[in-house]
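Everything on this sheet refers to the single structure shown next.
In the working numbering, the protein residues as written are 16 to 353.
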């Protein structure tokens, strides 16, 4: 830790003890010039371990003289602009903005966003163990005000929010109790509204936790609209992630554990992408199978419990997947051979 950072940390701590600093100032200065001063960072950083799905607070405070400077609105566009290339970090709730005036007359505008880490870094499909996510360079545009009150000389403050990266533990923060919803585990991260999971039998609790972790590391993307439930036999679509995984199941060099994992991924992605359904809601006691094609629920529940599918059983499971999804086995062989 550099001397400057150490001194700044001590000053923040002393200010907290004396009650002379507001919540927006709990993050350090990351940019400063003759016209604006920018504080930016994650207010929870360093206070506790971060788990997948934990809501975190991104705070940006811009201090400026309103008579000299006009600052862009601290709205969701700033977040979307910065995190567009970081799909694993999603906006949990829109910005809240507060404005106050310091004793010296300078304006203090603060934007606060809630975000969540919901996937693997660097577009990886799987990322076991602890993982680290670099926060992107952000920018806040501002303009100098001319003598006649008109804006001129557009500029931008560029900075990386403190502490620069997020280190995430490889687990969810809680073990769900009976009657839990997906939003109890990931508040607001997976769906717009709560999806009840029903009563979870004790024998399914460990299965539920394992399935939730699998879901977190691979399947939280932007919400997809509901798709028609019509199925027809057709060749493999190379642009479909679940069908790409289905192709890989024909690789005889896969280990038993690898085959089982790919099989789980393929059927789960099929449910999410083709059916518009989250199959993990089927782990509850009260299961709604309306608009679910025959065989999909049974196959999902079966493969979810398979840890190592040996060579002698692979053809059986591939055939079940072809039947449940309506795909043509010959197309898989041709695609794999190509």
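The beta-carbon is built from N, C-alpha and C at its ideal position, and this holds for glycine as well. Because the structure is a prediction, the values reported are computed rather than measured.
- In the three-state scheme derived from DSSP, where H, G and I count as helix and E and B as strand, residue 259 is classed as helix.
- Per the C-alpha coordinates, the member of 336, 317, 295 and 292 positioned closest to residue 260 is 336.
- Per DSSP, residue 95 lies in no beta strand (DSSP E); the unbroken alpha helix (DSSP H) holding it starts and ends at 91-98.
- Note on the stretch 277-333: whole alpha helix (DSSP H) runs with a minimum of 4 residues are 311-319, in chain order.
- In its chain, beyond the 5 residues on either side, 271 have a beta carbon closer than 8 Å to the beta carbon of residue 325.
- As a beta-bridge residue in DSSP terms, residue 149 pairs with 180.
- Taking 8 Å as the cut-off, the beta carbon of residue 112 is found closer than this to the beta carbon of residue 89.
- The Cβ atoms of residue 85 and residue 157 lie closer than 8 Å to each other.
- Taking a 10 Å sphere around the C-beta of residue 340, we find 16 or more other C-beta atoms and assign the residue as buried.
- When the beta-carbon positions are compared, residue 318 and residue 342 stay at least 8 Å from each other.
- The continuous stretches of beta strand (DSSP E) do not include residue 118, and DSSP gives it neither H nor E.
- In this structure, 49 is the residue among 49, 180, 75 and 100 with its C-alpha nearest to the C-alpha of residue 170.
- Closest by C-alpha distance to residue 103, out of 75, 93, 148 and 83, is 148.
- Per DSSP, residue 123 is one residue of the beta strand (DSSP E) stretching across 122-132.
- Residue 276 sits away from residue 255, with the two beta carbons spaced by 8 Å or more.
- DSSP lists no bridge partner for residue 110.
- Counting of Cβ neighbours within 10 angstroms places residue 283 among the buried residues, the total reaching 16 or more.
- Here residue 338 carries a helix assignment [DSSP, helix/strand/coil].
- Cα atoms of residue 97 and residue 65: separation of roughly 21 Å, rounded to the nearest angstrom.
- DSSP links residue 72 through a beta bridge to 129.
- Note on residue 78: 16 or more other CB atoms within 10 angstroms of its CB, so buried under the neighbour-count rule.
- Restricting attention to 132, 172 and 69, the CA atom closest to the CA of residue 51 is found in 172.
- For residue 41, the secondary structure class from DSSP, reduced to helix, strand or coil, is helix.
- Excluding residues up to 5 positions away in sequence, 122 and 123 lie with their Cβ nearer than 8 Å to the Cβ of residue 116 in the same chain.
- Judged by beta-carbon spacing, residue 151 lies beyond the 8 Å limit of residue 118, meaning their Cβ atoms are not closer than that value.
- Each residue's CA atom was taken as its position, placing residue 329 and residue 74 some 51 Å apart.
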